Amino acid sequence: MARRVVGIATIVVLLFLYLPILVIALYAFNADRGQSWPITEWTTRWFGDALANEGVRDAFVLSLEAAVGATALALLLGSLAAFAVHRFRFFGRETISFVLLLPLALPGIVTGMALNATFNTIGLKFSLFTIIVGHATFCVVVVYNNVVARLRRSSHSIEEASMDLGADTWQTFRYVTFPVVRTALLAGALLAFALSFDEVIVTTFTAGTDQTLPIWILTNLRLPNQRPIVNVVAVLVILLSAIPVWLSQRLASEGGTPTRH
Amino acid sequence: MPIAPADHEDVRARDPAGSAPVAAVRLEGLVKRYGDVTAVERIDLEIREGEFFSMLGPSGSGKTTTLRMIAGFEAPTEGRVLLHGQDVTGRAPFERDVNTVFQDYALFPHMTVGENVGYGLLVRKVPKDDRQRRVADALRMVRLEGYERRKPGQLSGGQRQRVALARALVNRPRVLLLDEPLGALDLKLREEMQIELHQIQHQVGITFVYVTHDQDEALTMSDRIAVFNQGRIEQVGAPAEVYERPATRFVAGFVGTSNLLTGSAAEAVVGRAGMFTVRPEKIRLEDPGSTAADDEYAADGTIASVVYLGSDTRYHVALAAGGELVVTQQNLTTSSTEALEQQGRAVRLVWKRQHTREVAEA
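Those protein sequence lines, which keep their order, are chains Y and A.
Residues 2 to 262, numbered by my numbering, are exactly what the first sequence covers, in order.
Residues 626 to 987, numbered by my numbering, are exactly what the second sequence covers, in order.
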């Protein structure tokens with residue numbers, strides 16, 4: 002009895018989470034311009050229209066550039082922070098995780114406002130660069146978390162063992178340290194990419210007049226004419242966010258099996 | 626860096642006079658402090674070429690820290706480390722001709738067994754053919770031939786231990802450091818590996834420096850033992866020497882059972898004040914009133930408790946003069962019931978005077 006209740010509750014919650022997304026995906030194939038239910042006629046022509054739309058293409062490219070840039074920055078800063086915390090004892094070490102996590106937890110609108118004010122004050126023009134910096138604020142922590150977790154799981158002494166066997170610092174990094182964290186870096190990068198790709202709030206404060214794909218959706222949502230294309234773009238955004246997250250989870254769990262039992 | 630692979634004999638260091646061989650490892654006034662905590666306090670030690678040397682002590686006694694200073698993972702606060710007469714105190718681990726077997730094995734999880742074992746040869750740019758042959762040889766030595774392609778995650782604890790050993794030995798270091806290498810194994814496997822390690826050491830003739838907290842392990846395997854306590858060495862000697870003639874109270878208690886006669890008991894039995902120790906298996910249980918020979922000591926007491934251990938029985942005897950002595954006897958003719966019935970019996974303990982050692986407080 003209890004099992005069945007839990008089972009039903011699980012199904013209800015999953016439906017609640019995923020049914021709206023499924024509906025959007027179905028609408029992308031609806032031949033009718035309005036969002037009417039049930040769907041009477043199916044088509045894939047909106048996909049062609051979306052790809053031909055210059056606004057969509059520009060926004061897609063910008064989103065891709067921003068996500069790649071933010072991911073690269075997050076990889077650099079996140080892994081450096083993780084190695085520092087793993088290897089050294091220093092003042093403030095215990096609070097680093099919290100400090101890095103905060104931008105992800107803070108309301109995007111606050112981060113956005115703050116960055117907007119800062120960029121204005123120092124006279125930085127809004128551009129791809131400001132978007133990347135804005136996104137990196139919350140992407141650093143996902144790389145950091147992944148790498149720190151991997152370093153904690155791997156034996157402390159493998160780097161010592163490498164040096165002991167005659168490898169210098171660079172060889173140790175190349176043959177031991179990097180291969181051990183490689184999949185963790187990739188997992189963190191995919192997650193950072195996904196976070197950046199669908200970000201809206203911080204972007205509205207740091208993008209100026211440029212439009213990323215989610216911002217394009219937001220502005221075109223109100224135009225009935227664009228409705229079918231918006232649905233298609235939404236499906237695209239879902240895929241480009243969901244696939245990296247899925248890959249990242251697989252990488253994080255399979256890689257770096259510790260030598261300990 | 627220059628690693629002479631095969632011909633150790635030729636490069637073996639000699640002192641200037643050319644007579645006695647230089648110590649494989651020489652520690653001079655070694656001190657290690659972490660802030661206010663002193664882990665190692667002035668250690669002077671010489672480990673001979675080719676010997677199986679154990680550093681025995683409880684956790685926190687400084688034995689592992691000392692080993693890590695020999696390997697180069699820790700820099701001493703004071704003092705020097707010499708390997709075959711060369712001062713290596715300031716050198717990095719990869720600039721020392723020693724290899725380490727780690728307590729947690731420290732195998733590289735992303736490499737196969739073959740890659741793990743061949744790692745030291747790879748980073749030292751040994752040609753591939755030579756490398757493969759030596760990896761195969763090393764794996765054969767630890768009885769793991771055919772395991773080249775496995776990953777460490779697919780091996781049992783004992784097998785990982787062997788891989789770690791092969792990975793270190795394949796480099797033919799002049800000194801092999803082992804940090805409680807059998808600590809994670811179960812008793813049976815540990816005993817097997819003890820014998821095997823001993824055989825391998827004889828076979829390769831490399832100096833082994835072996836850290837352990839297990840006194841039996843140290844006694845069975847070593848040529849010499851250094852007993853560590855609170856960052857100092859309390860005694861260095863052959864196993865029989867350390868066991869039968871402990872220099873200090875700590876050594877007497879840590880290596881074997883602590884059987885101390887102090888205060889009034891010392892005066893009553895030995896005839897003078899001091900601290901004396903006698904090993905439990907040297908003592909005979911006699912009936913009260915039986916006479917002791919001239920070269921024997923005797924002490925009266927009551928059996929307070931009996932512990933039956935299968936092949937032996939351990940009797941805890943409360944002495945009339947104060948204190949307690951432990952007596953172990955082989956169960957040659959006694960059954961467990963007979964042994965257990967001894968509890969509460971008045972006895973006289975008799976042992977040879979020569980088996981009594983006077984020990985220092987520290």
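All C-beta atoms in this analysis are idealised placements derived from N, C-alpha and C, irrespective of residue type, glycine included.
Everything numeric in this text was worked out from a predicted model, so none of it was measured.
Quick check on DSSP: helix, strand or coil for residue i?
i: Thr44 of chain Y; result: coil
i: Pro215 of chain Y; result: helix
i: Thr173 of chain Y; result: helix
i: Phe89 of chain Y; result: coil
i: Ile928 of chain A; result: strand
i: Gln250 of chain Y; result: helix
i: Gly209 of chain Y; result: coil
i: Asp712 of chain A; result: strand
i: Met626 of chain A; result: The pLDDT assigned to Met626 of chain A is 42, lower than 50, so where the model puts this residue is not dependable; a value taken from the coordinates is nonetheless given after this. Coil at Met626 of chain A, not helix or strand.
i: Glu1001 of chain A; result: Outside the displayed range of chain A (626 to 987) lies residue 1001 of chain A, so it cannot be described from this structure.
i: Arg658 of chain A; result: strand
i: Ala664 of chain A; result: strand
i: Arg756 of chain A; result: helix
i: Ile133 of chain Y; result: helix
i: Arg94 of chain Y; result: helix
i: Arg637 of chain A; result: For Arg637 of chain A, the predicted structure reports a pLDDT of 42, less than 50, and the residue's modelled location is therefore unreliable. A value from the coordinates is still provided. Arg637 of chain A falls in the coil class under three-state DSSP.
i: Asp811 of chain A; result: coil
i: Lys688 of chain A; result: helix
i: Val6 of chain Y; result: helix
i: Ala851 of chain A; result: strand
i: Met680 of chain A; result: strand
i: His941 of chain A; result: strand
i: Glu983 of chain A; result: strand
i: Gly899 of chain A; result: coil
i: Asn147 of chain Y; result: helix
Does the distance from the CB of residue i to the CB of residue j come in under 9 Å?
i: Gly675 of chain A; j: Ile850 of chain A; result: no
i: Phe84 of chain Y; j: Val148 of chain Y; result: yes
i: Val748 of chain A; j: Ser163 of chain Y; result: yes
i: Ala71 of chain Y; j: Ala193 of chain Y; result: yes
i: Leu707 of chain A; j: Glu666 of chain A; result: no
i: Thr690 of chain A; j: Ala700 of chain A; result: no
i: Val742 of chain A; j: Val800 of chain A; result: no
i: Leu102 of chain Y; j: Val142 of chain Y; result: yes
i: Leu116 of chain Y; j: Thr138 of chain Y; result: yes
i: Ile1 of chain Y; j: Ile40 of chain Y; result: Missing from the structure shown is residue 1 of chain Y; chain Y here goes from 2 to 262 and no further.
i: Val895 of chain A; j: Leu885 of chain A; result: no
i: Ser936 of chain A; j: Gln955 of chain A; result: yes
i: Thr173 of chain Y; j: Ser64 of chain Y; result: no
i: Arg151 of chain Y; j: Ala185 of chain Y; result: yes
i: Gly914 of chain A; j: Ala945 of chain A; result: no
List the residues of chain Y that residue i touches, going by C-beta distances under 9 Å, in chain order.
i: Phe719 of chain A; result: Ser163, Met164, Asp165, Leu166, Gly167, Ala168, Asp169, Thr170, Gln172 and Thr173
i: Val748 of chain A; result: Ser163, Leu166, Gly167, Ala168, Asp169, Gln172, Thr173 and Tyr176
i: Tyr744 of chain A; result: Ala162, Ser163, Leu166, Gly167, Ala168, Tyr176 and Val177
So which residues on chain Y does residue i lean against when the C-beta distance must stay under 7 Å?
i: Phe733 of chain A; result: Ile159 and Val177
i: Phe833 of chain A; result: Simply none; closest approach about 15 Å.
i: Ala696 of chain A; result: Asp165
i: Asp755 of chain A; result: The contacting residues do not exist; Asp755 of chain A stays about 15 Å from chain Y at best.
Could you tell me how far apart the beta carbons of residue i and residue j are, in whole angstroms, since I believe they sit closer than 8 Å?
i: Phe30 of chain Y; j: Trp43 of chain Y; result: 5 Å
i: Leu76 of chain Y; j: Ala190 of chain Y; result: 6 Å
i: Asp50 of chain Y; j: Ile230 of chain Y; result: 6 Å
i: Phe719 of chain A; j: Asp59 of chain Y; result: So it is not a contact: roughly 53 Å between Cβ atoms.
i: Val834 of chain A; j: Phe678 of chain A; result: 5 Å
i: Gly778 of chain A; j: Pro734 of chain A; result: 6 Å
i: Glu921 of chain A; j: Lys977 of chain A; result: 6 Å
i: Gly969 of chain A; j: Ile908 of chain A; result: That pair is no contact at about 19 Å.
i: Leu807 of chain A; j: Glu842 of chain A; result: 7 Å
For a contact meaning CB atoms closer than 9 Å, what does residue i contact in chain A?
i: Val148 of chain Y; result: Here the premise fails: no neighbours, minimum Cβ distance about 15 Å.
i: Ser155 of chain Y; result: Pro734
Quick check on this structure: which residue in the options has the alpha carbon closest to the alpha carbon of residue i?
i: Glu906 of chain A; options: A:Val984, A:Val951 and A:Gly947; result: A:Val951
i: Gly745 of chain A; options: A:Asp912, A:Gly710, A:Val723 and A:Gly682; result: A:Val723
i: Thr205 of chain Y; options: Y:His157, Y:Arg90, Y:Gly167 and Y:Met114; result: Y:Met114
i: Val767 of chain A; options: A:Val829, A:Arg799, A:Leu707 and A:His735; result: A:Val829
i: Cys140 of chain Y; options: Y:Thr96, Y:Leu166 and Y:Glu200; result: Y:Glu200
i: Ser686 of chain A; options: A:Ala891, A:Ala964, A:Phe875 and A:Lys977; result: A:Phe875
i: Leu196 of chain Y; options: Y:Val57, Y:Leu252, Y:Ile123 and Y:Pro245; result: Y:Pro245
i: Glu703 of chain A; options: A:Asn854, A:Leu974, A:Phe853 and A:Lys657; result: A:Lys657
i: Thr663 of chain A; options: A:Arg857, A:Ala985 and A:Leu670; result: A:Arg857
i: Ala877 of chain A; options: A:Tyr933, A:Thr902, A:Ala923 and A:Ala863; result: A:Thr902
Below 7 Å on C-beta distance, what does residue i contact in chain A?
i: Pro180 of chain Y; result: His735
List, in chain order, every chain Y residue whose beta-carbon is nearer than 8 Å to that of residue i.
i: Asn796 of chain A; result: Leu166 and Gly167
i: Asp811 of chain A; result: The contacting residues do not exist; Asp811 of chain A stays about 12 Å from chain Y at best.
For residue i, return the contacting residues in chain D, with the cut-off set at a CB-CB distance below 9 Å.
i: Arg792 of chain A; result: Reference to chain D is not applicable here, since the protein chains of this structure are Y and A.
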